[in-house]
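Student: Pasting a structure here, questions to come.
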Amino acid sequence: RRLSRDPATQQPLAYLRLRQAIRNVIDQRGIEPGQALPSERDLSQALGLSRVTVRKAIGGLVEEGLLTQRHGAGTFVAERIVKPMSRLTSFTEDLRARGLNPRSEFFERGIGEVTPEEAMAMNLSPGAPVVRLHRVRYAGDEPLAIERSVVPASALPDPALVHDSLYEALEQRGCRPRRALQRLRAVLLTAQHARLLHVAVGSAGLAIERRSFLDDGRIVEFTSSWYRGDIYDFVAELQTD
Ligand code: GLP
């Protein structure tokens with residue numbers, strides 16, 4: 010990575026050097042996610058740099074997603090969310106298992122007719138009624154993903170049954186998915202998605218498509234999601250035959 014240079018000394022600017030130095034320390038010494046950074050004041054004293062320089066360096070790393078700041082608590086090495094790929098779990102379950110607070114904000118939660126493309130993907134008859142959910146998924150205040158789900162009304166007759174968790178609503182109807190096919194692709198987040206996820210336009214994202222099935226083979230959900238690439242690791246266990 011090229012650093013902008015100071016026109017007088019031709020040295021990379023102090024805040025950029027500090028930013029690179031912090032990045033190296035985190036990468037090379039394997040500083041654990043969640044660990045706290047020294048305060049701005051301690052860093053500036055220890056390094057003989059101004060508070061402004063330290064603040065700018067840290068601010069850049071927060072924007073990059075390498076550090077996070079919590080009001081009143083300080084600056085921390087950002088935690089990534091590691092999700093096993095082989096388990097069919099819901100967003101809500103995954104976050105609760107980590108002690109985080111899952112939330113949804115809905116753009117859309119209504120009922121309509123299936124589109125021809127959806128009907129083909131979901132094995133539904135043309136014009137079948139479906140529930141549509143379009144939402145941003147949060148951990149507390151932090152947006153993590155955008156999801157668009159289509160669910161046949163035969164499995165979920167009323168969109169209002171979904172308060173926060175789709176799988177909870179399906180479970181209550183005896184329609185909890187038992188198996189799913191999932192496709193994961195790397196994408197650059199569009200301006201609209203980046204805005205909703207509070208990241209820079211063009212940041213890395215993971216586009217995930219999931220089709221979930223009941224025991225009898227019926228499809229209960231067709232969901233397209235965009236997850237933040239700076240936070241999520243998807244891991245899988247591999248075995249020989
Ligand atoms: C994950 C999956 C979605 C699924 C959702 C259900 O995010 N990618 O396909 O619809 O979990 O989560 P919840 O029950 O919290 O709505």
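To convert, count from 1 in the sequence shown and add 9; that's this note's numbering. In this text, a Cβ means the ideal position worked out from N, Cα and C, and glycines have one as well.
What residue range is occupied by the uninterrupted beta strand (DSSP E) comprising Ala245?
Tutor: Within the sequence shown, numbered from 1, the residue matching residue 245 stands at position 236. No beta strand (DSSP E) holds Ala245; DSSP gives it neither H nor E.
Student: Once DSSP output is grouped into helix, strand and coil, what is the label at Val232?
Tutor: For the purposes of this step, residue 232 is identified with residue 223 of the sequence shown, where counting begins at 1. Per the sequence presented here, residue 232 reads as Thr, with Val not at that position. In the structure shown, Thr232 adopts extended strand secondary structure according to DSSP, grouped into three states.
Student: To the nearest angstrom, how far is it from the Cα of Arg188 to the Cα of Val196?
Tutor: Here residue 188 corresponds to residue number 179 of the sequence shown, with the count starting at 1. Here residue 196 corresponds to residue number 187 of the sequence shown, with the count starting at 1. Using only the alpha carbons, I get a separation of about 25 Å.
Student: Just to confirm before moving on: does the CB-CB distance between Ile217 and Gln191 stay below 8 Å?
Tutor: Indexing the sequence shown from 1 puts residue 217 at position 208. Indexing the sequence shown from 1 puts residue 191 at position 182. Their beta carbons are under 8 Å apart, which means Ile217 touches Gln191 by this criterion.
Student: Any idea which residues DSSP pairs Gly214 with across the strands?
Tutor: As a position in the sequence shown, residue 214 is number 205, starting the count at 1. Its beta-bridge partners are Val196 and Arg237.
Student: Near His202, which residues of its chain fall below 8 Å by C-beta distance, leaving aside the five closest residues on each side in sequence?
Tutor: Walking along the sequence shown from the start, residue 202 turns up at place 193. Around His202: Ile155, Gly214 and Trp235.
Student: Only counting the same chain, and skipping five residues up and downstream in sequence, which positions put a Cβ closer than 7 Å to that of Ser48?
Tutor: Within the sequence shown, residue 48 is the residue found at index 39, counting from 1. Closer than 7 Å at Cβ, skipping near neighbours: Gly83.
Student: The ligand GLP heavy atoms versus the CB of Pro152: any closer than 7 Å?
Tutor: Working through the sequence shown from its first residue, we reach residue 152 at position 143. No.
Student: Identify every run of the beta strand (DSSP E) within the stretch 129-192, keeping only runs that are complete inside it and at least 3 residues long; order them along the chain.
Tutor: 138-148 and 151-161
Student: What does DSSP give as the partner residue(s) for Leu76 in the beta ladder?
Tutor: Working through the sequence shown from its first residue, we reach residue 76 at position 67. Val86, per the DSSP bridge assignment.
Student: Where Ala178 and Gly136 are concerned, what is the direct C-alpha to C-alpha distance, given to the nearest angstrom?
Tutor: Taking the sequence shown and counting its residues from 1, the one referred to as residue 178 is at position 169. Taking the sequence shown and counting its residues from 1, the one referred to as residue 136 is at position 127. Taken atom to atom, the span from the alpha-carbon of Ala178 to that of Gly136 is near 23 Å.
Student: Inspect the CB distances between the stretch 118-125 and the stretch 135-151 and report whether three or more fall short of 8 Å.
Tutor: Contact holds: three or more Cβ-Cβ distances are below 8 Å.
Student: Under three-state DSSP, which class holds Ile31?
Tutor: Here the question's residue 31 lines up with position 22 in the sequence shown. If DSSP states are grouped into helix, strand and coil, Ile31 belongs with the helices.
Student: Using only CA atoms, which one of Gly149, Pro161 and Met94 lies nearest to Phe222?
Tutor: Taking the first residue of the sequence shown as position 1, residue 222 is located at position 213. The candidate whose alpha carbon is nearest that of Phe222 is Pro161.
Student: Is Ala55 near Ile31, with beta carbons less than 8 Å apart?
Tutor: On the sequence shown, position 46 is the one that residue 55 refers to. On the sequence shown, position 22 is the one that residue 31 refers to. In this structure, Ile31 does not lie closer than 8 Å to Ala55 by Cβ.
Student: Using a Cβ-Cβ cutoff of less than 8 Å, which residues in the same chain neighbour Leu109 once the five nearest sequence positions on both sides are dropped?
Tutor: Within the sequence shown, the letter at position 100 stands for residue 109. The answer, listed in chain order, is Ala148 and Gly149.
Student: Have a look at Ser95 and Arg194 and give me their C-alpha separation to the nearest angstrom.
Tutor: Taking the first residue of the sequence shown as position 1, residue 95 is located at position 86. Taking the first residue of the sequence shown as position 1, residue 194 is located at position 185. About 16 Å.
Student: Specify the secondary structure class of Ile120 as computed by DSSP and reduced to three states.
Tutor: Translated into positions along the sequence shown, residue 120 becomes position 111. If DSSP states are grouped into helix, strand and coil, Ile120 belongs with the strands.
Student: Locate the alpha helix (DSSP H) running through Gln54, then write down its first and last residues.
Tutor: Within the sequence shown, the letter at position 45 stands for residue 54. Note, Gln54: alpha helix (DSSP H), Glu49 to Leu56.
Student: Under a three-way DSSP split, which group does Ala45 fall into?
Tutor: Here residue 45 is taken as the residue at index 36 of the sequence shown, counted from 1. Looking at Ala45 - three-state DSSP - the assignment turns out to be strand.
Student: What does a CB cutoff of less than 8 Å around Glu127 pick up in its chain, not counting 5 residues either side in sequence?
Tutor: In the sequence shown, residue 127 corresponds to position 118, counting from 1. The residues are Leu133, Val139, Val159 and Phe231.
Student: For Ile40 versus Leu75, is the C-beta spacing smaller than 8 Å?
Tutor: What you label residue 40 is simply residue 31 of the sequence shown in a count that begins at 1. What you label residue 75 is simply residue 66 of the sequence shown in a count that begins at 1. Going by C-beta atoms, Ile40 is not nearer than 8 Å to Leu75.
Student: Is Tyr241 near the ligand GLP - that is, is its Cβ less than 7 Å away from at least one heavy atom of it?
Tutor: Working through the sequence shown from its first residue, we reach residue 241 at position 232. No, Cβ of Tyr241 sits at least 7 Å from all heavy atoms of the ligand GLP.
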